[in-house]
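As structure tokens, the structure follows; a few thoughts come after it.
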Amino acid sequence: MRSLLLFLFSMTAFAGAPHITDTALSARLKAASAEYEKSNYPKVIELLNPYSEELPNPGLMILANSYSRRGLYADEVRVLRALAGRNERSYQAQMLLGQGLEKQAMITKDADAAKKMRVEAVQVFRNVFRMNPKYQAGFESLYALLLQIRAASEARDILQEGLERFGHTPALMREMCRLDSTGGFVTQALTSCRESIKLSPNKPDSYVYLSQSFFDQRENNSAERELVGAANRFPASEFVQWSAGTVFLKKKNFPASARYFGQAVKADPNSARATFGYAQSLFEAGQEKEALPVYKKACKMDPATVVEPFFAAASRLRQKGSPLASAYKEGASGCH
Amino acid sequence: MKKARMQIIFFLIGLISISASAQSKKRLDFNSYVQENYQILTHQKLDKNQLAFDELLPKAGTETTTNAPDFNNIKSNDSVWGSMPGGSNSQNQNSQQTQPTIQVPVPSPAPAAAPAAPGGENPNQ
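Same order as they appear, the protein sequences are chains A and B.
Start counting the first sequence at 609; every next residue gets the next number (the numbering used here).
Start counting the second sequence at 28; every next residue gets the next number (the numbering used here).
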């Protein structure tokens, strides 16, 4: 009896599904294609979505892309899953699915759900990379996504594979230098950063990471030499100037740090970190009057970081009996 | 007269090629789809903690198509997957604005002698 009911139910469900002959589907696909070319995506969706299960690959792609053009990424992913499921060995279909998941994650407000989508996308991109190891876009998507989800160790492994597959290109070596240096692989960083500098002598980042690695090895003189050399070479690099400023600020060489932070602010007037460093350096160097407007600017840029040190500076001035104390306090209060 | 006729012919050829180019822009294949996705995702990926991929994106003609299934485009017999995307829509971040945290050992107890600060920097260097 139960099986009979199930049979009847399935027949009813089958009767409710849209039926279409091959000829009618082909005509519909042709019409959808014409609408797609006219950028009439709602019409494409209207024509193709009811028959998505029966569509050939090009039809699925047009349907998925129409959803994408309308920003309906969840629907796009649904269609791409059908495409990828039907073409399990096609790295192209998997690639599109991976990107679709990334887009869906991008607009998903629920952080956990977005994370799950990205993790799935990582898995999909891994498949792409495995299926076609020479497909750089697949490698790049995988690597970038691993960085995005803060899987630094896995990103480094993939990058190493990338270096084997695509050779030691300047861009890959810059990445290797950065990951080695920030990941604490000091010995490797010294090698990879030197190689990176050799390959891209006009890119400033690797000089900073090399310097950082020297610091990590307690080779402070080499580190400073590298950084000062880079700062002279790249006056327009906020990163290099800010790094040099940070080094001298920590060494309490405030006139030097003020010079570098000042240069960093020139290089990028929107850099909150450089502006804050400049304010601190001027203040510590005894130029409290000059530091005040810089503190105010830094505080507007990044109140969460700056407000407390700004109040602390006001407090120190008050203890010294400085007439600037109240202006500092007022400035810090205006931060919020 | 002959010159005028030639001009008309050239005009028509130009018109046809412009029309063909406009048509081909509308057609969807794998590469254009991937490229379009890059554009959408670039806004998200442009994170200061990530470096530039200006040289990472695949260059035309580097793809191996061993796994490409033989799908037919609706409009033609071209593979829907097409050829590789170009490199113009990568995460083209200015590498001068990266943002790691620099950790410098602080000398103790007294600060080391001040190294020479860079002088006479030319911002346009």
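We treat Cβ as the ideally placed atom computed from N, Cα and C, and that holds for glycine.
Predicted model only: the values in this text are computed from it and were never measured.
query                                                                                                                          : result
Short Cβ contact (8 Å threshold) for LEU680(A) with LEU656(A)                                                                  : no
Sequence-distant residues of its chain with Cβ nearer than 7 Å to GLY791(A) (five each side left out)                          : ALA760, ARG764
Alpha-carbon to alpha-carbon, LEU754(A) and MET739(A)                                                                          : 18 Å
Cα-Cα separation, SER789(A) to ALA797(A)                                                                                       : 5 Å
Bounding residues of the alpha helix (DSSP H) (the contiguous stretch that carries SER851(A))                                  : 846 to 858
C-beta neighbour in chain B for LEU704(A), strict 8 Å                                                                          : yes
DSSP three-state assignment for TYR649(A), whether helix, strand or coil                                                       : helix
Given ALA635(A) as reference, the closest of GLY667(A), PRO650(A), MET781(A) once Cα atoms are compared                        : GLY667(A)
At least three beta-carbon pairs within less than 8 Å, the region 844 to 856 of chain A to the region 885 to 901 of chain A    : yes
Stretch pair the region 740 to 750 of chain A + the region 712 to 726 of chain A: three plus CB contacts closer than 8 Å       : no
Residue-level contact to chain B via CB, ASN673(A), 8 Å cutoff                                                                 : yes
Proximal residues to ARG689(A) (C-beta, below 7 Å), its chain only, five neighbours per side dropped                           : LEU705
Contact residues within the region 723 to 742 of chain A, judged by C-beta distance below 7 Å to chain B                       : MET739, ASN740, LYS742
Nearest residue (CA-CA) to ASN665(A), options PRO812(A), ASN695(A), SER676(A)                                                  : ASN695(A)
ILE973(A) in three-state terms, based on DSSP                                                                                  : Past the boundaries of the shown model lies residue 973(A); chain A is included only from 609 to 944, so the question cannot be answered.
Opening and closing residue of the alpha helix (DSSP H) in which GLY885(A) lies                                                : 880 to 892
Selection from ILE757(A), GLN756(A), ARG758(A), ARG734(A) that minimises the alpha carbon distance to LEU747(A)                : As written in the sequence, residue 747(A) is Phe, which differs from the Leu given in the question. With distances taken between Cα atoms, PHE747(A) lies closest to ARG734(A).
Residues, ordered as in the chain, of the region 891 to 923 of chain A that lie near chain B by beta-carbon distance below 7 Å : none
Any C-beta of chain B under 8 Å from that of TYR886(A)                                                                         : no
Among SER845(A), TYR699(A), PHE918(A), nearest to LYS937(A) - alpha-carbon criterion                                           : PHE918(A)
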